[in-house]
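*Asks:*
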Amino acid sequence: MPSGPIAAPFGPPPVVVALGGCWLCLWQQRWRYWGIAGIAAGMAMMLLTRPPDLVLSDFGRFLAARTPEGDYRVAAGAEKIHRSFLVSETGGRLLPWPGRGDPAADGLDCAGEARCSYTAYGRRVAIVTAESGLPVSCDTVDAIVAQVPAGFACRGKIPVADRIDTWRQGAVALWLDADGITVVGANESRGDRPWVPHPISRREREKAAAANRPAMPVAPPAEEPREAPSDARFNQPD
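Each residue of the sequence shown is one higher than the one before, counting from -7 in our numbering.
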């Protein structure tokens, strides 16, 4: 999957459970039972970790918004494998995304053209589903999530996650809270490893190539030709 698994931004608890299970199965000595502690720790982390409120992945094609009951409203067009990842990580049900004109439900209002409004924990997020939903006034929302490139007008003012971000960072998850909004990309938790994609634009590649290109040696200036000194023996008057 080019943009990384949905679980990546919030996946440590399942990893701890898996490692505990491997430890329990691989060892035969008494210390194999330490794997049970790992499984218990992972399960406790799952109970204490709140799943993200918004998830954007797969180059913007996968979009999900969490309901107050812990389920997720998923936009149309999401691939089955991404949907299954979300279910396995959160345990919530997947509900259809509201259509235009449908009554607001679960904090999600899609009355506008190519734009929805998501409200949770006192925060309001503009969700843009098509280019016609742009631009968004930066001072009217707390964050922007867009299935299309959202531009740079609001970056630096409020959190913005768009299609380009999923290309660069993998799956992007947002947690809304009264104190602010936390945005985490999948590649942040996976580190700088050979198998972790870190795509860069053509302009960035050209800039890096120019910076690493060795300087061409400068040739010294050519000297003007000089006449060979004449031999005085052949220049005597007759």
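For each residue, glycine too, the CB sits at the ideal point set by N, CA and C.
Helix, strand or coil for A165 per DSSP?
*Replies:* One-based indexing of the sequence shown puts residue 165 at position 173. In this structure, A165 counts as strand in the three-state DSSP scheme.
*Asks:* Let me confirm a value: D169 is counted as buried when at least 16 other C-beta atoms fall within 10 Å, else exposed. Which label applies?
*Replies:* Residue 169 sits at position 177 when you count from the first residue of the sequence shown. Per the 10 Å Cβ criterion, exposed.
*Asks:* Pairs of beta-carbons, one from the region 73 to 82 and one from the region 90 to 99, closer than 8 Å: are there three or more?
*Replies:* Output reads no: the region 90 to 99 does not touch the region 73 to 82.
*Asks:* Measure the beta-carbon distance from A100 to A135 and round it to whole angstroms, keeping in mind my assumption that it falls under 8 Å.
*Replies:* Stepping through the sequence shown from its first residue, residue 100 is reached at position 108. Stepping through the sequence shown from its first residue, residue 135 is reached at position 143. Going by the sequence as given, residue 100 is Leu instead of Ala. Rounded, the Cβ-Cβ distance is 14 Å, inconsistent with contact.
*Asks:* Between the C-alpha atoms of Q161 and P141, what's the straight-line distance to the nearest angstrom?
*Replies:* To locate residue 161, count along the sequence shown from 1; it is residue 169. To locate residue 141, count along the sequence shown from 1; it is residue 149. Cα to Cα, the separation comes out at about 14 Å.
*Asks:* Let me check one thing: in DSSP terms, what residues is F54 bridge-paired to?
*Replies:* To locate residue 54, count along the sequence shown from 1; it is residue 62. F54 is bridged to S49.
*Asks:* Are the CB atoms of V117 and I156 within a distance shorter than 9 Å?
*Replies:* Position 164 of the sequence shown, counted from the first residue, corresponds to residue 156. Position 125 of the sequence shown, counted from the first residue, corresponds to residue 117. It is not a contact, given that the beta carbons lie outside the stated cut-off.
*Asks:* Can you tell me which of the three DSSP states S109 falls into?
*Replies:* Counting from 1 along the sequence shown, the entry for residue 109 is found at position 117. Three-state DSSP puts S109 in a strand.
*Asks:* Per DSSP, what kind of secondary structure is L11 in: helix, strand or coil?
*Replies:* Within the sequence shown, residue 11 is the residue found at index 19, counting from 1. If DSSP states are grouped into helix, strand and coil, L11 belongs with the helices.
*Asks:* Please name the residue in A153, G69 and E105 whose C-alpha comes closest to that of P88.
*Replies:* Numbered from 1 along the sequence shown, position 96 holds the residue referred to as residue 88. Among A153, G69 and E105, the Cα nearest to that of P88 belongs to G69.
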